[in-house]
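See structure below.
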Amino acid sequence: MEGHWNCCETAIRRDLSAEVTGNTYKVQHAKNKCVNAIKFKTRDGQTLCAHPDEQWVKNCRFH
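Going by the UniProt record's numbering, 13 is the number at position 13 of the sequence shown; the sequence numbering is gapless.
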């Protein structure tokens, strides 16, 4: 996780959907150190870098 919208170098697989706030997310594509990830904002304003193949991530993106 990171505190801003910069590059995610890792992406979590654990279901943290309860931490995601709103419907705002950003897609990140792999480049240099950055990995494929979906970036969500959490309740406390942090950025959550999630693995795009996880079902909970897909559910958050499309609801």
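Even glycine gets a Cβ: it sits at the ideal position worked out from N, Cα and C.
Per DSSP, the continuous alpha helix (DSSP H) segment holding Asn59 begins and ends at 55 to 61. The beta carbon of Thr42 sits closer than 7 Å to the beta carbons of Glu19, Val20, Thr21, Leu48 from its chain, once the five residues preceding and following it are set aside; these are given in chain order. When DSSP states are grouped into helix, strand and coil, Ala18 belongs to the helix group. In this structure Lys58 is exposed. Its beta-carbon is surrounded by fewer than 16 other beta-carbon atoms within 10 angstroms. Sixteen is the threshold: since fewer than 16 other Cβ atoms of the shown chains lie within 10 Å of the Cβ of Lys33, the residue is exposed.
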